[in-house]
Amino acid sequence: AIFPPDNYTWQADGTLLDEAFRPAPITDWIIDQRGNLWTTHWGAGVLHSDLRTLRGIFNQAGPAGNDVRSILVDDEGFWFGGLNNAERTGISQANRDLITWDFVEQRDDSRIRSTDTFDMVRGLGAVWFATNDGLLSYEEKKREWQRFDVQSNLYANEVRALAVADSELWIGTVRGLLVMTPGREIWR
2 AIFPPDNYTW QADGTLLDEA FRPAPITDWI IDQRGNLWTT HWGAGVLHSD LRTLRGIFNQ
62 AGPAGNDVRS ILVDDEGFWF GGLNNAERTG ISQANRDLIT WDFVEQRDDS RIRSTDTFDM
122 VRGLGAVWFA TNDGLLSYEE KKREWQRFDV QSNLYANEVR ALAVADSELW IGTVRGLLVM
182 TPGREIWR
């Protein structure tokens, strides 16, 4: 078992309770290449747990908003996304040491219609975001956003799940599953 941060206790279902008994259920998790467990918690943000010491620590600085639903950890750093209905909204990016943070909001690019993010993956030369209003891609080297929606052959604009396999991007929408090829054509 992982020891919870100070003033928190674990419930049997994996939910954290704070000192006021407010629940913070896990919304996403990932184990990085260094053996760290990262969990996102509704209402509490991001918990980093070292699997060698089994200690959990909440980050002092963190993503835009506390309703974090998705996390991507890779050699470049961290991406965090969630449902954004508070004052701080957007997709968050941090470097590996979690000191430098960047935030992406709708107003930053006209192609970003929603920053409500349900899933993220890296593949096909970009970071991909499943949002309530289409599929977003971000090419870091070009610093360029692109949006895919029903006009791009998605079954629905509400994208919920993403996976990369065999150089293809699998896209789960509320109306079905699609595949994007390396040439960025969407096949049904």
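Under the working numbering, think of the first position of the sequence shown as 2, with each following residue one higher. Just so it is clear, CB atoms sit at the ideal spot from N, CA and C, and this is done for glycine as well. Computed from a predicted structure; not experimentally measured.
*Endpoints, the beta strand (DSSP E) within which residue 48 is located*: In this chain, the beta strand (DSSP E) harbouring residue 48 covers 46 to 51.
*asked:* DSSP has residue 135 in a bridge; who is on the other side?
replied: Note: residue 135 sits in a beta bridge opposite 132.
*Go through its chain and collect everything with a Cβ distance to residue 32's Cβ below 6 Å, but skip five positions before and after it.*
Around residue 32: 38.
*Could you check what DSSP says for residue 14 in three-state terms: helix, strand or coil?*
Residue state for residue 14 is assigned as coil, using DSSP reduced to three classes.
*Answer with buried or exposed for residue 23, where buried requires no fewer than 16 other C-beta atoms within 10 angstroms of its C-beta.*
With fewer than 16 other Cβ atoms within 10 Å, it is exposed.
*Length of the line joining the Cα atoms of residue 12 and residue 47*: Approximately 17 Å between the Cα atoms of the pair.
_In this structure, how does DSSP classify residue 109 when only helix, strand and coil are distinguished?_
In the structure shown, residue 109 sits in a helix (DSSP, three-state: H, G or I).
*From 108, 5, 80 and 145, residue whose alpha carbon lies closest to that of residue 20*: Nearest of 108, 5, 80 and 145 to residue 20, Cα basis: 5.
*residue 58 to residue 42, Cα distance in whole Å?*
Spanning the two alpha carbons is a distance of roughly 12 Å.
*Between the C-alpha atoms of residue 52 and residue 123, what's the straight-line distance to the nearest angstrom?*
Those two C-alpha atoms are separated by around 24 Å.
*Going by alpha carbons, who is nearest to residue 70 out of 77, 79, 83 and 60?*
It is 83 whose Cα lies nearest to the Cα of residue 70.
*If you draw a straight line from the alpha carbon of residue 131 to that of residue 182, how long is it in whole angstroms?*
In a straight line, the C-alpha of residue 131 is about 17 Å away from that of residue 182.
*asked:* With distance defined between alpha-carbon atoms, name the residue in 93, 139, 178 and 162 nearest to residue 154.
replied: In terms of Cα proximity to residue 154, the closest of 93, 139, 178 and 162 is 178.
_By the DSSP assignment, the beta strand (DSSP E) with residue 172 in it spans what residues?_
Note, residue 172: beta strand (DSSP E), 169 to 174.
*Counted within 10 angstroms of its Cβ, other Cβ atoms place residue 158 as buried (16 or more) or exposed*: Classification of residue 158: buried, given that the 10 Å Cβ count is 16 or more.
_Outcome for residue 166 when other beta-carbon atoms lying within 10 angstroms are tallied against a minimum of 16_ = Residue 166 should be labelled exposed.
*Since residue 105 contacts residue 91 with CB under 8 Å, what's their CB separation in whole angstroms?*
Right, the Cβ-Cβ distance comes to about 5 Å (below 8 Å), so this counts as a contact.
*Under the rule that 16 or more other beta-carbon atoms within 10 Å means buried, what is residue 54, buried or exposed?*
Its Cβ having fewer than 16 others within 10 Å, residue 54 is exposed.
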